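J.: I'd like to ask some things about the structure below.
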């Protein structure tokens, strides 16, 4: 190869390299998730309060490192802080025939907490009547989307739940399996809501940020190892 061709070849390689570096420099990058925030350490309830209450309700107790309901009438508890994009991890244990739920992006603008926030169902699928409807079984987007492929542990043992909300994208995970995935504000979700008990609730699933809520549904349920981290992009 002549010296002239060699020089041209070198210039072409250099130009291609610089172009590639320029592309890398301008490509969008995702920021690393923030550090985990412990919402319940097995002792303190300071990160929670009752729905429309200043303090922590007496219908919940701390027992053996868990947050546990006292059977009977009670109040839902919610995080003091609000979250928009996040990953939540926790474990839940339900009693025989029991019912509860994890509600997210909930606010106090409605008469009930479920008037604004969607719910990841917590349930004894075998004994509770809601277990007969796939859309109200454990892990489901309550009354809207059935959980699929789930593997529940026996009642009285601990299920591991993960909830990811990032922009409009939502994922429900149960014992390592993604059981629900959907888009907030999508036409599909709007159609489902229009045919459900939520159809006359204008703020349902519309809040851009809100509290994490653990539901007191009169039955015994326990939660532990509750932590959250914010998800951000830039």
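In the numbering used here, the protein residues as written are 2 to 235.
All C-beta atoms in this analysis are idealised placements derived from N, C-alpha and C, irrespective of residue type, glycine included.
From a predicted model like this one, the values you see are computed outputs, not experimental measurements.
Since residue 50 and residue 79 should fall inside the 8 Å C-beta cutoff, what is the C-beta to C-beta distance between them, to a whole number of angstroms?
T.: The residue you call residue 50 lines up with position 49 of the chain shown. The residue you call residue 79 lines up with position 78 of the chain shown. Their Cβ separation, rounded to whole angstroms, is 6 Å, which keeps residue 50 and residue 79 in contact under 8 Å.
J.: How far does the beta strand (DSSP E) with residue 193 in it reach, from first residue to last?
T.: Against the chain shown, residue 193 aligns to sequence position 192. Here residue 193 belongs to no beta strand (DSSP E); instead the alpha helix (DSSP H) covers 188 to 195.
J.: Can the beta-carbon of residue 101 be found less than 8 Å from the beta-carbon of residue 201?
T.: For the purposes of this step, residue 101 is taken as residue 100 along the chain shown, with counting starting at 1. For the purposes of this step, residue 201 is taken as residue 200 along the chain shown, with counting starting at 1. No.
J.: How many angstroms separate the CA atom of residue 40 from the CA atom of residue 86?
T.: The sequence position of residue 40 within the chain shown is 39, counting from 1. The sequence position of residue 86 within the chain shown is 85, counting from 1. When rounded, the distance between both Cα atoms is 16 Å.
J.: Using only CA atoms, which one of 95, 143 and 104 lies nearest to residue 127?
T.: Position 126 of the chain shown, counted from the start, is the residue given in the question as residue 127. Out of 95, 143 and 104, 95 has the C-alpha closest to the C-alpha of residue 127.
J.: If we require 4 or more residues per run, which alpha helix (DSSP H) segments fall completely within the stretch 159 to 228?
T.: Runs found: 188 to 195.
J.: With a threshold of 8 Å on Cβ separation, who are the neighbours of residue 146 within its own chain once the five nearest residues in sequence on each side are excluded?
T.: Locating residue 146 in the chain shown gives position 145, where the first residue counts as 1. Only 136, 181, 183 and 193 meet the Cβ criterion.
J.: Mind checking residue 43: buried by the 16 CB within 10 Å criterion, or exposed?
T.: Here the question's residue 43 lines up with position 42 in the chain shown. By the 10 Å Cβ count, residue 43 comes out exposed.
J.: Assign residue 132 to one of three DSSP states: helix, strand, or coil.
T.: Working through the chain shown from its first residue, we reach residue 132 at position 131. DSSP places residue 132 in helix when its eight states are reduced to three.
J.: Closer than 6 Å by C-beta to residue 69: which residues in its own chain qualify, once you throw out the five before and the five after it? Chain order, please.
T.: For the purposes of this step, residue 69 is identified with residue 68 of the chain shown, where counting begins at 1. So the qualifying residues of the chain are 62 and 223.
J.: Under 8 Å between the Cβ atoms of residue 93 and residue 228?
T.: Against the chain shown, residue 93 aligns to sequence position 92. Against the chain shown, residue 228 aligns to sequence position 227. Contact: no.
J.: Taking the straight line between their C-alpha atoms, what separation do you get for residue 112 and residue 121?
T.: Within the chain shown, numbered from 1, the residue matching residue 112 stands at position 111. Within the chain shown, numbered from 1, the residue matching residue 121 stands at position 120. Each residue's Cα considered, the two are about 20 Å apart.
J.: With a CB to CB cut of under 6 Å and the five nearest residues on each side skipped, what residues in its chain are close to residue 159?
T.: If you number the chain shown from 1, residue 159 lands on position 158. Counting only Cβ-Cβ distances below 6 Å, and skipping sequence neighbours, we find 92 and 94.
J.: Relative to the alpha-carbon of residue 124, which residue among 143, 226 and 196 has its alpha-carbon at the smallest distance?
T.: Within the chain shown, the letter at position 123 stands for residue 124. Checking every option, the nearest Cα to that of residue 124 belongs to 143.
J.: Who are the near neighbours of residue 46 in its chain, counting only those whose CB is closer than 6 Å to its CB and skipping five residues on each side?
T.: Within the chain shown, residue 46 is the residue found at index 45, counting from 1. Contacts found: 57.
J.: Nearest by alpha-carbon distance to residue 89: which of 151, 198, 35 and 155 is it?
T.: Indexing the chain shown from 1 puts residue 89 at position 88. It is 35 whose Cα lies nearest to the Cα of residue 89.
J.: Straight-line CA distance for residue 132 to residue 233?
T.: Taking the chain shown and counting its residues from 1, one reaches residue 132 at position 131. Taking the chain shown and counting its residues from 1, one reaches residue 233 at position 232. Taking the straight line joining both Cα atoms gives about 36 Å.
J.: Are residue 151 and residue 140 touching if we call contact CB-CB under 8 Å?
T.: As a first step, residue 151 is located in the chain shown; it is residue number 150 there, counting from the start. As a first step, residue 140 is located in the chain shown; it is residue number 139 there, counting from the start. Closer than 8 Å, so yes.
J.: What first and last residue would you give for the beta strand (DSSP E) that runs through residue 45?
T.: Numbered from its first residue, the chain shown carries residue 45 at position 44. Segment: none, residue 45 is in no beta strand (DSSP E) and carries neither H nor E.
J.: Using a 10 Å radius around the Cβ and a threshold of 16 neighbouring Cβ atoms, would you call residue 154 buried or exposed?
T.: As a working note, residue 154 is residue 153 in the chain shown. So residue 154 counts as exposed.
J.: Can you tell me the Cβ-Cβ gap for residue 76 and residue 217, rounded? I've got them flagged as a contact below 8 Å.
T.: By 1-based counting over the chain shown, the position of residue 76 is 75. By 1-based counting over the chain shown, the position of residue 217 is 216. Confirmed, Cβ separation roughly 6 Å.
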